[in-house]
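Numbering (the working numbering), first residue to last: 150 to 738. Positions of the beta carbon are idealized from the N, C-alpha and C atoms, including for glycine. All values reported here derive from a predicted model rather than from experimental measurement.
What follows is the structure, given as structure tokens:
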């Protein structure tokens, strides 16, 4: 076997012994399931321990099978015995207790198929494929079959497996419903798109309890005439966006086609927020626009309506958000001034201590926009390192952290700012945290929908199945920073940035300062809609490792600090200032 193997191969007696251990572990679980309720804790420990043993055993066999040229007869015997064992009732009983183990089994079968195919053992390879087909349909297996058995595809069994997998591929892509963009859609397409979004949410959405008063089926019926009345594709997508917003989830929404983005998302190069009950300009990225609008100006009215009334009537019905703070950040921030590029805004502005004035502001056409700076690193007065982590869509923040680690090591403290981080890849944030602790970093627990057609036939219930119970992320050894750390957060801290925030909270490495996070993370199911748009449904329900919820709530800071209108006008950042104070107090002791 390859030199990197930690578990050396042993003769047949060792393989047989391992298979016996597998069977013993499974029988132990069955016996535990009949234990008295007072022994529940012991039952769980024994069942989880058995799952761990099975996973390690299958992983060992997968590693052997990944290099079939080095396998001896004992290895092939162990492989066949394991395939027999996972079909037994005790193992199926164990398998029903955790989806992670199901994935392990399917990965094991895929490796076993590859090993048999490489060896030229068509009979065992076919048996493995058939076993996989009983559990799941895997479209990419057709490519493996074509590659490994180019002369055997006339085999009726292989043809049947390939036909099954083709069905899975077709169902997954939904190609017939994802039609191309056109200015107007047929009545059939309009009904199909609404029906698709409704059915995907009905089957997979994990937060219906967050909208307990929503009758999803009744909403679907009420929206059918609305989509049919939409004369243009633009009108149609506005209706779909309203329908999705009923779920009140930041990871469940509708995106219009790319051809309509300018009609939905054009906005002047400025940002706003609701602060102390006022809609305030927080930044202006165009020098020409700065001559007319200043940071700190209050937007009193938009297109003749009071600003907050305009937001509630014209923006809120289309906003998909998970919490009140998430809604407020979108409503008075990123989405307030968005709209059709050819339709300018009529704003009524009030400067500090001055009278209101009116001006017309274009949504597009600016040639002097200064791009926002991402991932800012600098040393603050008092030798405190500051790094803004503005997204996790790339590893740029991780690379910048490592690039400046020598400077961070010399600093009295570190401030990480995720107030504008909308998420991306959770692993990037965890790898940054790996530089702040030498202990395993907790992943959140999560659940998925587990109800099936059989459940609804028998009980008519909706149930959740834990898919992970807070396993740990174990990074490679890296250089550690051991000084004090503060993390700045707010309502725009979202998705993977909240996963980062949750892990930081659990390891208690420092304090979170600012305002509650957006309260929306999870895995969205993405699917094509008629006319070129996309739908998203959140299908993963995340929580703290101990099950404590934060989706629909937000991760709470240890120190709550929010800017005032005066802070914005005077260029102060009270959240950052408080973090500096906390570090200085720690360093002083």
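Check                                                                                                             : Outcome
Rounded separation between residue 157 and residue 277 - CA only                                                  : Residue placement at residue 157 is flagged as unreliable, the pLDDT there being 26, under the threshold of 50; the coordinate-derived value follows with that caveat. Rounded to the nearest angstrom, the two C-alpha atoms are 25 angstroms apart.
Entirely enclosed alpha helix (DSSP H) segments - the segment 195 to 264, minimum 4 residues                      : 222 to 234, 238 to 244
DSSP beta-bridge partners of residue 621                                                                          : 591
Residue 426, buried or exposed, once every other Cβ within 10 Å from all chains shown has been counted against 16 : exposed
Option nearest residue 689 by Cα separation, candidates 266, 702, 599                                             : 599
Residue 287 versus residue 260: straight-line alpha-carbon distance, rounded                                      : 14 angstroms
Integer Cβ distance of residue 571 from residue 641, believed to fall under 8 angstroms                           : 7 angstroms
Straight-line gap, residue 660 to residue 707 (C-alpha atoms, nearest Å)                                          : 6 angstroms
8 angstroms Cβ shell around residue 610 - same chain, five flanking residues per side excluded                    : 600, 604
7 angstroms Cβ shell around residue 258 - same chain, five flanking residues per side excluded                    : 277, 280, 281
Secondary structure of residue 749, DSSP reduced to three states                                                  : Within the shown structure, residues of the chain are numbered from 150 to 738, placing residue 749 beyond reach of any answer.
Pairwise C-alpha distance: residue 595 and residue 204                                                            : 20 angstroms
Cutoff 7 angstroms; reference residue 176; Cβ partners in own chain excluding five residues on either side        : Unreliable positioning characterises residue 176 in this predicted model, as indicated by a pLDDT of 45, which lies under 50. The coordinate reading is nonetheless provided below. If we look at residue 176 and ignore the five residues flanking it on each side, its Cβ neighbours are 239.
Beta bridge counterpart(s) of residue 708 as assigned by DSSP                                                     : 662
Beta carbon of residue 494 nearer than 9 angstroms to that of residue 512                                         : yes
The beta strand (DSSP E) enclosing residue 537, as first and last residue numbers                                 : 533 to 537
CB contact flag (residue 148, residue 671, <9 angstroms)                                                          : This structure gives no information on residue 148, because the portion of the chain shown stretches from 150 to 738.
Anticipated Cβ contact below 8 angstroms, residue 541 with residue 577, distance rounded                          : 4 angstroms
Under the three-state DSSP convention, the category residue 184 falls into                                        : Legend: pLDDT at residue 184 = 45, less than 50; position of this residue unreliable, no value from coordinates given.
Own chain residues within Cβ distance below 6 angstroms of residue 290, not counting five before or after         : 314
Three-state secondary structure (DSSP) of residue 670                                                             : coil
Touch test, the segment 446 to 456 against the segment 518 to 534, Cβ-Cβ under 8 angstroms, three pairs minimum   : no
Reduced DSSP secondary structure (H/G/I, E/B, other) of residue 615                                               : strand
With 16 other Cβ atoms within 10 Å as the buried cut-off, status of residue 339                                   : buried
Beta carbon of residue 507 nearer than 9 angstroms to that of residue 496                                         : yes
Stretch pair the segment 629 to 640 + the segment 695 to 702: three plus CB contacts closer than 8 angstroms      : no
Residue 486 in three-state terms, based on DSSP                                                                   : coil
Residue 663 beta carbon less than 9 angstroms from that of residue 711                                            : yes
Three-state secondary structure assigned by DSSP to residue 327                                                   : coil
Beta strand (DSSP E) runs contained entirely in the segment 518 to 566, provided each spans 3 or more residues    : 526 to 529, 533 to 537, 562 to 566
Whole-angstrom C-beta distance between residue 538 and residue 567, which should lie under 8 angstroms            : 5 angstroms
Where the beta strand (DSSP E) through residue 495 begins and ends                                                : 494 to 499
Coil, strand or helix - residue 366 by DSSP                                                                       : helix
Cβ shell of residue 509 (< 8 angstroms), same chain only, five flanking positions each side left out              : 493, 494, 495, 496
Option in 417, 444, 436 with minimal Cα separation from residue 717                                               : 444
The segment 349 to 360 touching the segment 394 to 407, judged by at least three CB pairs closer than 8 angstroms : yes
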